[in-house]
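A.B. asks: First the structure, then my questions, so here it is.
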Amino acid sequence: MTSILGTQSIQHPNGTASATILADGTFSSPGHVIQVKAVNHKGQISTTSTSHTAITDLAVTITPSSTSSIMLITFDGFMYTSTYTRYMMMSVQRNVGGAGAADISGTTLYTDNNADGLLRLYDQDSHVSYRNGGFQFLDSPSTTSSIVYNPTFRRGSDSATVYIGHSNMVSTFSVMEIAQ
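Dropping the structure here:
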């Protein structure tokens, strides 16, 4: 014989709720990972644009289980330029429910040469720049609608082509939903 215990929350003896069980059976405790979505891309992706360009090969779609969840967004990959360049930048776009993509990083980390974004490859020497790079960013989308996250990148004001990935190298973009 199977026993079933039905409850909506598990509490500490002092009365504070430490975990919730949602109607769909999802267990939720603040700070725990609810779900992870990730994409790996092998090979290179390039742009010559001076505007942030979505890297659609690394797009991640996730549907948050709660409006209070936060998303931990992570990129890890290899970056390089075709020729001497002062910089290339990376950022993140969010598209909620197909309403249109918008930059969510919202932070200009560098003030020289109109640089913007979460990650920048920068080299003052007159040679090709190669770097492993990565970033993490927290987003609070406040929705339970489907979200598409895209990393973006752009070149500086020179004429270089900038690349994410190379030959057999793998770039990874992931989104982790964390309960609050």
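Residue numbers for the sequence shown follow our numbering, so the first one is 158 and each next one is one higher. A virtual CB, placed ideally from N, CA and C, is assigned to each residue, including glycine.
Measuring alpha carbon to alpha carbon, tell me which of Val193, Gln192, Thr309, Gly291 ends up nearest phenylalanine 235.
C.D. replies: Comparing Cα positions, the closest option is Gly291.
A.B. asks: Would you call the stretch 305-314 and the stretch 194-205 in contact, with 3 or more CB pairs under 8 angstroms?
C.D. replies: Enough Cβ pairs lie closer than 8 angstroms, so yes.
A.B. asks: Output the distance between the C-alpha atoms of serine 160 and isoleucine 191, rounded to the nearest integer angstrom.
C.D. replies: So the two alpha carbons sit approximately 26 angstroms from each other.
A.B. asks: Measuring alpha carbon to alpha carbon, tell me which residue in Ile178, Ala180, His209, Thr300 is nearest alanine 256.
C.D. replies: Minimum Cα distance to alanine 256 is reached at Thr300.
A.B. asks: From the DSSP secondary-structure annotation, give me the bridge partner or partners of asparagine 291.
C.D. replies: Note on residue identity: the sequence assigns glycine, not asparagine, to residue 291. In DSSP, glycine 291 forms a bridge with Asp233.
A.B. asks: Can you tell me whether DSSP reads aspartate 214 as helix, strand or coil?
C.D. replies: It is helical.
A.B. asks: Find the nearest neighbour of methionine 247 within the set Val193, Met228, Ser222, Asn307, judged by alpha-carbon distance.
C.D. replies: Taking only the C-alpha atoms, the option nearest methionine 247 is Asn307.
A.B. asks: Report the option in Asp233, Ser222, Pro170 whose CA atom is closest to the CA atom of aspartate 181.
C.D. replies: Of Asp233, Ser222, Pro170, the residue nearest in Cα terms is Ser222.
A.B. asks: Mind checking isoleucine 167: buried by the 16 CB within 10 Å criterion, or exposed?
C.D. replies: Burial call: exposed.
A.B. asks: Assuming phenylalanine 330 and valine 217 are in contact, meaning their beta carbons sit under 8 angstroms apart, how far apart are those beta carbons, in whole angstroms?
C.D. replies: Yes, they are in contact, since the Cβ atoms of phenylalanine 330 and valine 217 sit about 6 angstroms apart, within 8 angstroms.
A.B. asks: Which partner residues does isoleucine 191 have in the DSSP bridge list?
C.D. replies: Paired residue(s): none; isoleucine 191 is not in a bridge.
A.B. asks: Using DSSP bridges, identify the partner residues of threonine 177.
C.D. replies: In the DSSP output, where bridge partners are listed per residue, threonine 177 has Ser166, Ser185.
A.B. asks: Look at the alpha carbon of isoleucine 304 and the alpha carbon of histidine 169, and state the distance between them as a whole number of angstroms.
C.D. replies: About 34 angstroms.
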